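Protein chains: 2
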Amino acid sequence: MASITFGPDNITVVAAEGEALNVVAARAGVALRSDCGGQGACRKCAVVLESGELRAKDGGPVESRPADGGVEVLACQAVVVGDAVLRVPAENRAADLTPLAKTLGHVAQKLAAHGVDEPLAMRRCVEIKAPAKGDSLADVDRIFDALRAADPHLRRLSADLPTLRALPTVLRESDWSVCTTIVDGPDASDLVNVSAACDIGRTMFGLAIDIGTSTVAVSLVALNTGRVVAAAGKRNGQIRYGDDVISRIIWTEEHEGGPETMRQAAVATVNEVIAEARAAVNVPAADVIAVTVAANSTMMNFLLGIPAGPIRRDPHTPPASWLPLFTAGQLELDVWERAPLMCLPTVSGFVGADITAGVLATGLAEAPGLTVLVDVGTNGEIVVGMEGMLVCASCSAGPAFEGVGIECGMHGAPGAIESVAYDPSTDEVAIEVIGGRAPQGVCGTGFIDLLATLFETGVLDRGARFIPDFPTRRLRAGEYDEPEFVIAFAGEHGATRDIAVRQSDIENLIRSKAAVHAGIAILLGKLHLPPESIECLYLAGAFGSRLGVRKAVQIGMLPDLPAERVQYVGNTSLAGAHLCLVSREAREQVRALAAAMTYVELSVEPGFMEEYVASMFLPHTQTERFPSVARVATG
Amino acid sequence: MASITFGPDNITVVAAEGEALNVVAARAGVALRSDCGGQGACRKCAVVLESGELRAKDGGPVESRPADGGVEVLACQAVVVGDAVLRVPAENRAADLTPLAKTLGHVAQKLAAHGVDEPLAMRRCVEIKAPAKGDSLADVDRIFDALRAADPHLRRLSADLPTLRALPTVLRESDWSVCTTIVDGPDASDLVNVSAACDIGRTMFGLAIDIGTSTVAVSLVALNTGRVVAAAGKRNGQIRYGDDVISRIIWTEEHEGGPETMRQAAVATVNEVIAEARAAVNVPAADVIAVTVAANSTMMNFLLGIPAGPIRRDPHTPPASWLPLFTAGQLELDVWERAPLMCLPTVSGFVGADITAGVLATGLAEAPGLTVLVDVGTNGEIVVGMEGMLVCASCSAGPAFEGVGIECGMHGAPGAIESVAYDPSTDEVAIEVIGGRAPQGVCGTGFIDLLATLFETGVLDRGARFIPDFPTRRLRAGEYDEPEFVIAFAGEHGATRDIAVRQSDIENLIRSKAAVHAGIAILLGKLHLPPESIECLYLAGAFGSRLGVRKAVQIGMLPDLPAERVQYVGNTSLAGAHLCLVSREAREQVRALAAAMTYVELSVEPGFMEEYVASMFLPHTQTERFPSVARVATG
């Protein structure tokens, strides 16, 4: 094992011989730029080797250039052979705390500027004043005094039984110099571990988890810098029990031990994603000392093993809005068993912790004007903020935009078509595929493009039906004579089979977009505010960074706003969980936000069904509400 | 099973056929007077049978007298045959909350007047408003709202994971009427159980535990009335590892797994005493829902499995002063596993929770003038209070007054000589024996009497040495020619063997009394206050109610105060634990008291050794400090 130090912050990590330097840097919490994806082409990951040695991956000498104080090497091309000291030039540090930094509220901006601020758990080495003759201060009070002197921000301190049992021996065997793990709880700071072996400078990690109905995503975060060092995602394994929350809840009710089976399925997927993220940067489970979880109410219940039945029945009550701190061991997650686990707060059965996380991450509640967050996952949730007032609702969008329940649908993974443009003059479809691979299916971003381009070119009418006599070879009768549009024939763009969207798939997608639009319209109506008064609309969800927000307006999913007022902000649920991992202010703010959010139940809201039906058209029955949408097709 | 209701408070308990009515009454928290010990003689346990039936113990008709509204029967003579409704006349209720009520501080007096006041745990049945359409309040918030409406004193509420898992199902299966168990923690009230089966009117119990080095004692307390319904005590089984705390700590250090072995020994004795107390009134383990523990620092560590080594080494630091709430299950006590367990706070390695409990119970800190608490157990602890200032110390008295390490010594149990008077004119020794039995040994109270009578009659000189030519057949050369005084020859008072006190035993007892006196003198000296300014001296410890406080002055254990200023107050450690079980104010006060107590380490205190040596005389080298002590013997 070698010791690798990264300047100018002097972060030291232990690395194995042969380990790639960019992996070691990530594990140290040093986020390097990487525009070429580690191909050695962009030179954005260049670091200066000040002392020690590095090698190329093949064992030969690594390519280097002279540089001030040493030689410059590319982190993606070098591997560890022994101890080394490196310096990271300021211009090569990844600039953003998270991919969202540009759009985040003040907590996130503060963190981006200053790094972490009282993480949920931290490891701190302290030297303790050994007791002098006549000084009979209790061991635990002595360690508390030392911790308080080192960090005046600590709350009232407490210690748990395993720590109390270890304390007298560890303190004396370590000669009053110990490594502590402290949890920043809502009321008190808890000392949950003491050990004699001080891991001086060793980076500890936190894990932010977002459990969506269709997808589970995690960010592995270095707690010294607050930066994401690895990310991973995966289809939620619960899909075998149902595509959406309602069908899964029914499954748990109809099967003996249902909640426990579902809990195990949740834990299994989460642990697979955790393993993937840890493996990417070689972080052992024991070094992951804090966890935050954002999820919709049903997924949160499933993870905790709480029966979710009431969520599917009127009035859709969740079991709890705010949850106490758990430990990762209690929930059987594969990280340090004593790691504190914070579940972000829930507002209602259908506005869960994923949404409170999103409100936190976007800084929605701080925005001066009318601001809207639309999070399209398996459900669509909408939050409207105006001068500190927060109103929210959930609409049953369904998982169509996540590619679930659609023949050619897929998750936004390599092989997914994320951009589609149909040219009727050539009858060709131009596509872009994630990872530049052969297309295998279409993801949410691709479907928004597809609806927009088919409507714009007149393949679909205003009722979202294929126009039977449209002059194209791509429109054909598919299975059971159902009309379908072939995006890519087998062989086209390397596709191994025909990739086609059916009339019933289109209807699924239209129902999703209509539900979202109707939800926004009803919430704005409750505040007596017209859509054009929206100053900023954040569109969140796992669409992918290529989402064309203008297209989402064209198909009538979002109100007709100028493009500059609509911003795609990615997975704000995960971003909010990340903030709570590294900031006490974020943890306090998210609780206050959840308490401040007023839930509106759309299903009992007068006018919702009418608005929903009107929104099933492209873009809407009332075309005057979409003046900017260029109409080519006829209704 | 029968249902027995006691008026006028309408407390209902379930009883088995054939169960004695006084046992059932105790289990209901209805403490009846009993001067004759259940012999049917004193008629103080008479109750009025208003409806239903009772039988005599032999199955025949129970003796009864006509009474207003029914017939009067003696609870100690009647057994249950079926449902019955009884009324307890006010004059037959046991008057005191605890045996200490006369001397207690305001918390105890308040409790004696008003019963319990926010016990550590309580069971409460609540009707919850079922959710209406559109009301998506979380289940847990709904139950919290109902609990707060029923009890405005609740703190911020929280719920643990097992309760959250049970909640959705229990609420709906019970049709929104549930039985809850709530723990009154230091920061929050915790909902730790919900069940659909409401135990309407069923009495729940708490357990106050005092773990002394030599003796473990418990009080089983009915949480509806706050009264002790059963008490039990037992020699601490750890005695096999050493008589005093120091030798036991050494044992744990010299044996592999020592703290764990000692923990198991502590738990085993405590569980035996718990079983005895529960059996006395037929209370199942599951109905004991709260536990408080007072103990000296070492015994507390042993119970918790914390290494106690540092306590025996300068500067004698305890591992913790204030401990978090544990659960009984965590500590393996045989009560309801989720019962909260509060350890009273510790001041130092040698002034433990037993003493903070005593300060709480006696109201020492509230007394207007100079007040002193002296607790003589295996160690002697002293607390001096003056206008809110509290100073405390521990002196190594040793277990001599507990009968440990003395050939003829024994615990204050039946067969123990508790009163001794020697008459030189007849050469007879008059004795009183606990339980009126044949004498088997001498307990602490007896030893104080013995020293006083032997000194007063001149058998012992001022140096506490036997006067060899004293004209008595009772003084003889014992084993190894060591002088000894025979209190009872075999055959005298029914003794089966000679009961004699040896010169070395006398020296042991003298060291104990000298340590106590020197400790008091040094503490008063630090405050520049003479002993005669003491307005009240509370003498606590397991001496027994027959202790002659005047005798404790005569032998120079206590300063020379008028008898009316000295009060024997019994086991204040257990009394303090009892108060914390039934009163939030007591729990808050005891923490404040522990923080306010300044510990003085006598071993480093200038003058302590001189005072100790001077106190080894009878009553003291400076006889002018004991003007009231009649001196017969010559020095």
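Residue numbers (numbering that gives the first Met the number 0), protein chains in the order written: chain A, 0 to 634; chain B, 0 to 634. From the three backbone atoms N, C-alpha and C, an ideal C-beta is built for every residue, glycine too. Quantities reported herein were computed from a predicted structural model and do not represent experimental measurements.
**Item:** Near-chain A residues of the stretch 313 to 343 of chain B (beta-carbon distance less than 9 Å), N- to C-terminal order
**Value:** Asp-313, Pro-314, His-315, Thr-316, Pro-317, Pro-318, Ala-319, Ser-320, Trp-321, Leu-322, Pro-323, Phe-325, Gln-329, Leu-330
**Asked** Mind checking if A/Lys-635 is an interface residue toward chain B, Cβ cutoff 9 Å exclusive?
**Response** No answer is possible for residue 635 of chain A: the residues shown for chain A start at 0 and end at 634.
**Prompt:** B/Gly-518 CB to nearest chain A CB: under 9 Å?
**Reply:** Stepping through the second sequence from its first residue, residue 518 of chain B is reached at position 519. Closer than 9 Å: no.
**Asked** Could you give the residue range of the beta strand (DSSP E) that holds B/Pro-65?
**Response** For the purposes of this step, residue 65 of chain B is taken as residue 66 along the second sequence, with counting starting at 1. Element bounds for B/Pro-65: 64 to 66.
**Prompt:** Is any beta-carbon of chain A found at less than 9 Å from that of B/Val-269?
**Reply:** As a first step, residue 269 of chain B is located in the second sequence; it is residue number 270 there, counting from the start. No, B/Val-269 lies away from the interface with chain A (no Cβ there is under 9 Å from its Cβ).
**Request:** Determine the contact status of A/Arg-123 and A/Thr-202, defining contact as a CB-CB distance below 9 Å.
**Result:** Position 124 of the first sequence, counting from 1, holds the residue named residue 123 of chain A. Position 203 of the first sequence, counting from 1, holds the residue named residue 202 of chain A. Going by C-beta atoms, A/Arg-123 is not nearer than 9 Å to A/Thr-202.
**Prompt:** A/Arg-42 to A/Arg-154, Cα distance in whole Å?
**Reply:** Taking the first residue of the first sequence as 1, we reach residue 42 of chain A at position 43. Taking the first residue of the first sequence as 1, we reach residue 154 of chain A at position 155. Rounded to whole angstroms, A/Arg-42 to A/Arg-154 spans 45 Å at the Cα level.
**Spatial distance of A/Phe-616 from B/Gly-133 (CA atoms)** = The residue you call residue 616 of chain A lines up with position 617 of the first sequence. The residue you call residue 133 of chain B lines up with position 134 of the second sequence. Going from the Cα of A/Phe-616 to the Cα of B/Gly-133 covers about 29 Å.
**Prompt:** Got a sec: is the Cβ-Cβ distance from B/Val-698 to anything in chain A below 9 Å?
**Reply:** For chain B, the structure presents residues 0 to 634; residue 698 of chain B sits outside this window and is missing.
**Request:** Using beta-carbon positions only, say whether B/Arg-312 and A/Leu-303 come within less than 9 Å of one another.
**Result:** Position 313 of the second sequence holds residue 312 of chain B. Position 304 of the first sequence holds residue 303 of chain A. Contact flag unset, no.
**Request:** Express the C-alpha separation of A/Ala-230 and A/Val-358 in angstroms, rounding to a whole number.
**Result:** Residue numbering aside, residue 358 of chain A sits at position 359 when the first sequence is read from its first letter. Residue numbering aside, residue 230 of chain A sits at position 231 when the first sequence is read from its first letter. About 22 Å.
**Prompt:** When you compare only the Cα positions, how much space is there between B/Thr-633 and B/Met-409?
**Reply:** Stepping through the second sequence from its first residue, residue 633 of chain B is reached at position 634. Stepping through the second sequence from its first residue, residue 409 of chain B is reached at position 410. Any reading at B/Thr-633 must be qualified, since the residue scores a pLDDT of 43, below 50, and its modelled position is unreliable; no value is offered.
**Asked** Among the residues of its own chain, which have a CB less than 8 Å from the CB of B/Val-599, if the five just before and after it don't count?
**Response** The sequence position of residue 599 of chain B within the second sequence is 600, counting from 1. Excluding positions up to five away in sequence, the list reads Val-390, Cys-391, Ala-392, Ile-521, Leu-522, Lys-525.
**Message:** Quick check on DSSP: helix, strand or coil for A/Arg-123?
**Reply:** What you label residue 123 of chain A is simply residue 124 of the first sequence in a count that begins at 1. Three-state result, A/Arg-123: strand.
**Prompt:** Buried or exposed: A/Leu-96, going by 16 or more other Cβ atoms within 10 Å of its Cβ?
**Reply:** Residue mapping note: residue 96 of chain A aligns to position 97 of the first sequence, counting from 1. Bear in mind that the predicted position of A/Leu-96 carries a pLDDT of just 47, short of 50, making it too unreliable to give a figure here.
**Asked** What span of residues does the beta strand (DSSP E) with B/Thr-474 cover, start to end?
**Response** Your numbering for residue 474 of chain B matches position 475 in the second sequence. Checking the sequence, you will find Leu at residue 474 of chain B rather than Thr. Counting along the chain, the beta strand (DSSP E) containing B/Leu-474 begins and ends at 474 to 476.
**Amino acids of chain B, ordered along the chain, whose beta-carbon sits closer than 8 Å to that of A/Val-305** = Within the first sequence, the letter at position 306 stands for residue 305 of chain A. The sequence shown places Ile at residue 305 of chain A, rather than the Val named in the question. The contacting residues are Leu-163, Arg-164, Leu-166, Pro-167.
**Message:** Give me, in chain order, the residues of the same chain whose beta-carbon lies closer than 8 Å to that of B/Leu-459; leave out the 5 immediate sequence neighbours on both sides.
**Reply:** Taking the first residue of the second sequence as 1, we reach residue 459 of chain B at position 460. Within the same chain, B/Leu-459 has close Cβ partners Leu-450, Leu-453, Phe-465, Ile-466, Ile-505, Leu-617, Ala-632.
**Request:** Locate the alpha helix (DSSP H) running through B/Gln-588, then write down its first and last residues.
**Result:** Taking the second sequence and counting its residues from 1, the one referred to as residue 588 of chain B is at position 589. Looking at the DSSP string, the run of the alpha helix (DSSP H) that includes B/Gln-588 is 583 to 595.
**Separation of A/Leu-136 from A/Leu-580, as counted between CA atoms** = If you number the first sequence from 1, residue 580 of chain A lands on position 581. If you number the first sequence from 1, residue 136 of chain A lands on position 137. Answer to the nearest angstrom: the Cα atoms are 34 Å apart.
**Prompt:** Between B/Val-373, B/Asp-67, B/Val-217, B/Ala-267, which lies nearest to B/Arg-277 when the distance is taken from Cα to Cα?
**Reply:** Here residue 277 of chain B corresponds to residue number 278 of the second sequence, with the count starting at 1. Taking only the C-alpha atoms, the option nearest B/Arg-277 is B/Val-217.
**Item:** Alpha-carbon spacing of A/Ala-650 relative to A/Arg-564, whole angstroms
**Value:** Nothing about residue 650 of chain A can be read from this structure; chain A reaches only from 0 to 634.
**Message:** Just to make sure I have the definition right: I need the residues of chain A whose C-beta is within less than 8 Å of the C-beta of B/Val-139. Which are they?
**Reply:** One-based indexing of the second sequence puts residue 139 of chain B at position 140. The answer, in chain order, is Pro-318, Ala-319, Ser-320.
**Message:** Could you check whether A/Ala-131 and B/Pro-530 sit closer than 9 Å to each other, using their CB atoms as the reference points?
**Reply:** As a first step, residue 530 of chain B is located in the second sequence; it is residue number 531 there, counting from the start. As a first step, residue 131 of chain A is located in the first sequence; it is residue number 132 there, counting from the start. For B/Pro-530 and A/Ala-131, no; Cβs fall outside 9 Å.
**Message:** Can you confirm whether A/Thr-180, when its beta carbon is compared against all beta carbons of chain B, has any partner nearer than 9 Å?
**Reply:** Here residue 180 of chain A refers to the residue found at position 181 when the first sequence is read from its first residue. Taking Cβ atoms only, chain B never reaches closer than 9 Å to A/Thr-180, which makes this a no.
**Request:** Pull out every residue of the stretch 126 to 150 of chain A whose Cβ sits closer than 8 Å to any Cβ of chain B, in chain order.
**Result:** Pro-130, Ala-131, Lys-132, Gly-133, Asp-134, Ser-135, Leu-136, Ala-137, Asp-138, Val-139, Asp-140, Arg-141
**Message:** Determine whether the beta carbon atoms of A/Gly-17 and A/Val-78 lie at a separation below 9 Å.
**Reply:** Position 18 of the first sequence, counted from the start, is the residue given in the question as residue 17 of chain A. Position 79 of the first sequence, counted from the start, is the residue given in the question as residue 78 of chain A. Taking 9 Å as the Cβ cut-off, A/Gly-17 and A/Val-78 qualify as a contacting pair.
**Message:** Relative to the C-alpha of B/Gly-440, which candidate in B/Cys-407, B/Gly-58, B/Gly-606 has its C-alpha closest?
**Reply:** Start at 1 with the first residue of the second sequence, and residue 440 of chain B comes out as number 441. Nearest option by C-alpha distance: B/Cys-407.
**DSSP-derived helix/strand/coil call for B/Val-72** = As a working note, residue 72 of chain B is residue 73 in the second sequence. If DSSP states are grouped into helix, strand and coil, B/Val-72 belongs with the strands.
**Prompt:** Using a Cβ-Cβ cut-off of 6 Å (strictly less than) and excluding sequence neighbours within five positions of B/Gly-184, which residues of its own chain qualify?
**Reply:** The sequence position of residue 184 of chain B within the second sequence is 185, counting from 1. Taken in chain order, the residues that qualify are Leu-324.
**Item:** Where the beta strand (DSSP E) through A/Leu-523 begins and ends
**Value:** On the first sequence, residue 523 of chain A is found 524 positions in, with the first residue counted as 1. Where A/Leu-523 is concerned, there is no enclosing beta strand (DSSP E), although the alpha helix (DSSP H) it sits in stretches over 502 to 525.
**Request:** Would you decide whether A/Ser-296 is buried or exposed? Buried here means 16 or more other CB atoms lie within 10 Å of its CB.
**Result:** For this step, residue 296 of chain A is matched to residue 297 along the first sequence. That one is buried.
**Request:** Within the same chain, show all residues whose beta-carbon is closer than 7 Å to that of B/Glu-275, passing over the 5 residues directly before and after it, in chain order.
**Result:** Within the second sequence, numbered from 1, the residue matching residue 275 of chain B stands at position 276. So the list reads Ala-231, once near-sequence residues are dropped.
**Prompt:** Do A/Ile-416 and A/Ile-498 have their CB atoms nearer than 9 Å?
**Reply:** Walking along the first sequence from the start, residue 416 of chain A turns up at place 417. Walking along the first sequence from the start, residue 498 of chain A turns up at place 499. Closer than 9 Å, so yes.
**Prompt:** Since A/Val-182 contacts A/Ala-158 with CB under 8 Å, what's their CB separation in whole angstroms?
**Reply:** By 1-based counting over the first sequence, the position of residue 182 of chain A is 183. By 1-based counting over the first sequence, the position of residue 158 of chain A is 159. Contact doesn't hold; Cβ gap of about 11 Å is too wide.
**B/Ala-265 (DSSP reduced to helix, strand or coil)** = Position 266 of the second sequence, counted from the first residue, corresponds to residue 265 of chain B. Residue state, collapsed to three classes: helix.
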